[in-house]
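To keep things clear, I will list the structure first and then write my remarks on it.
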Amino acid sequence: MLKLSAAFENSLGKTHRWTFSEPNKELSSLEIQEQLERMSDLALFEKDGAQLYTKATSAKFVETIETPIF
Numbered sequence: 001m002l003k004l005s006a007a008f009e010n011s012l013g014k015t016h017r018w019t020f021s022e023p024n025k026e027l028s029s030l031e032i033q034e035q036l037e038r039m040s041d042l043a044l045f046e047k048d049g050a051q052l053y054t055k056a057t058s059a060k061f062v063e064t065i066e067t068p069i070f
């Protein structure tokens, strides 16, 4: 299973992670970065008075390979 894992900074400077399952691998790194920045501009999430996901700081693809044993 492929996932996009992104790290964001919140309004207090702490790091939060966001994961998206089955992302489009055809998008360029610039396109992904632009979309993550657009997500942070929306200011949709808040917790304990702190705005979450205010700045995208990194992103990576994470691939999990499952091997059945029995």
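According to the UniProt record's numbering, the residues represented by the sequence shown are 1 to 70, in order. By construction, the Cβ of each residue, glycine as well, lies at the ideal position given by its N, Cα and C atoms. In this text the structure is predicted, and so the values were computed from the model without any measurement.
Practice problem: Classify ILE65 as buried or exposed, calling it buried when 16 or more other Cβ atoms lie within 10 Å of its own Cβ. | Solution: Classification for ILE65: exposed.
Quiz item: At what residues does the beta strand (DSSP E) containing GLU9 begin and finish?
Solution: Annotation for GLU9: the continuous beta strand (DSSP E) segment containing it runs 2–9.
Self-check item: DSSP-derived helix/strand/coil call for GLU46
Solution: Assignment of GLU46 by DSSP, reduced to helix, strand and coil, places it in the strand class.
Quiz prompt | Boundaries (first-last residue) of the beta strand (DSSP E) holding GLU63 | solution = 55–63
Exercise. Could you check what DSSP says for SER21 in three-state terms: helix, strand or coil?
Key: strand
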